[in-house]
Amino acid sequence: MARTAIQLGSVAEARGDLSTAKEHYKTAAPWLRELGGGAEPGGDPELTRCLARIGRVAAMLHEFGLAREQLSASLELAWAGGQRQGEARCLVGLSVLAECEGDLEGAVLAAAAAAGLRESIGQHSATTRIEELLGRARTKLGESRTSALWSRGQTMRPDMAARHVLSGERVTGKPPVKAPVAAEPGRHSLLTAREQEIAGLLTRGLSNRIIAEELVISPATVARHIANIMEKLGYTSRAQIAVWATEHQKDDP
14 MARTAIQLGS VAEARGDLST AKEHYKTAAP WLRELGGGAE PGGDPELTRC
64 LARIGRVAAM LHEFGLAREQ LSASLELAWA GGQRQGEARC LVGLSVLAEC
114 EGDLEGAVLA AAAAAGLRES IGQHSATTRI EELLGRARTK LGESRTSALW
164 SRGQTMRPDM AARHVLSGER VTGKPPVKAP VAAEPGRHSL LTAREQEIAG
214 LLTRGLSNRI IAEELVISPA TVARHIANIM EKLGYTSRAQ IAVWATEHQK
264 DDP
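Following our numbering, the numbering of the sequence shown begins with 14 at its first residue and continues without gaps.
This is the structure in structure tokens:
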């Protein structure tokens, strides 16, 4: 039953239905504990994996408290049981969390630490998720800065990279994101054409799923675009984006 719930969660996540995926993963977790996942140090790697999945999906849903809670629990199990693969999986989840919170530098560090750990145990480190992250980082941070962060992350102790994200230090201590907000035209130029389109749709109060249907993309992709818009404009809510988009539309000829 637990494994079936996890597979259903994977299918839902692949389809972009993150809320349903989260509920399936959350259904599986107590069953895995009942089966003995927490009966000894380290427990069951399947429980470690399940908690990491809950955390990753929660991060993409911007449920940051739940994401930290689940990823922390997964990390503790991985560390206690010497589950290096589980630790790498958690670092990838923390990379997702960092980016969703607007800490792109922390996201690159965590992803690099995960890649370094995987390489040390003979696993392939390149994934589509990481390649897409590095593409976004190169666009926003520049090639040299991204390369420097990646090199630093690969040599960073995995536990230090994890605590860097879990502490939220980069998120809470990163006001420069809002510094360039003074000139309104400059803010518009920061957004890609797709991001401007999504910002406009937010003025209609549409959900991620409805926006995805209109643009023929996945809800997860919509969520990532919204996270990018928040980071670029220095906002923390969809409502702020909607207000900005409405004002900008009024100024358009």
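Here a beta-carbon is modelled for each residue, glycine too, at the ideal position from N, C-alpha and C.
Beta-carbon proximity of residue i to residue j, cut-off 9 Å
i: Ala240; j: Glu26; result: no
i: Ala127; j: Ser157; result: no
i: Gly99; j: Pro58; result: yes
i: Val178; j: Leu122; result: yes
i: Ala93; j: Val105; result: no
i: Arg251; j: Asp30; result: no
i: Gly49; j: Glu36; result: no
Proximity test, Cβ basis, 9 Å: residue i and chain B
i: Glu227; result: The structure shown contains no chain B; it is built from a single protein chain.
N-terminal and C-terminal residue of the alpha helix (DSSP H) that residue i is part of
i: Tyr272; result: No answer is possible for residue 272: the residues shown for the chain start at 14 and end at 266.
i: Met173; result: 171-179
i: Met243; result: 232-246
i: Ser157; result: 156-168
i: Arg207; result: 206-215
i: Gly22; result: 15-27
i: Ala228; result: The amino acid occupying residue 228 in the given sequence is Leu; Ala does not appear at that position. Unbroken alpha helix (DSSP H) run through Leu228: 221-228.
Minimum C-alpha distance to residue i - residue among the options
i: Arg16; options: Leu60, Leu31, Asp30, Ser32; result: Leu60
i: Leu130; options: Val178, Ala41, Ala174, Glu244; result: Ala174
i: His238; options: Arg149, Ala161, His261, Ser180; result: Arg149
i: Gly213; options: Ala258, Ala41, Ser160, Arg69; result: Ala258
i: Leu203; options: Met243, Ser23, Gly29, Gly49; result: Met243
i: Val256; options: Leu215, Ala236, Val229; result: Leu215
i: Ala91; options: Tyr38, Trp44, Ala125, Pro171; result: Pro171
i: Glu145; options: Ser164, Thr168, Gly135, Glu112; result: Glu112
i: Ala86; options: Met169, His261, Ile67, Ile19; result: Ile67
i: Glu132; options: Thr33, Leu246, Gln167; result: Gln167
i: Leu74; options: Val24, Arg97, Ser32, Leu219; result: Ser32
i: Gly135; options: Leu48, Ser180, Arg97, Gly49; result: Arg97
i: Ala71; options: Lys39, Arg217, Arg46, Gly95; result: Lys39
* Sufficient close CB pairs (3 or more, under 8 Å) joining the segment 115-124 to the segment 81-94 -> no
* Asked: Is the segment 62-71 touching the segment 147-161 in the sense that three or more CB pairs, one from each, lie closer than 8 Å?
  -> no
* Whole beta strand (DSSP E) runs in the segment 73-142 with 3 or more residues, listed along the chain? -> none
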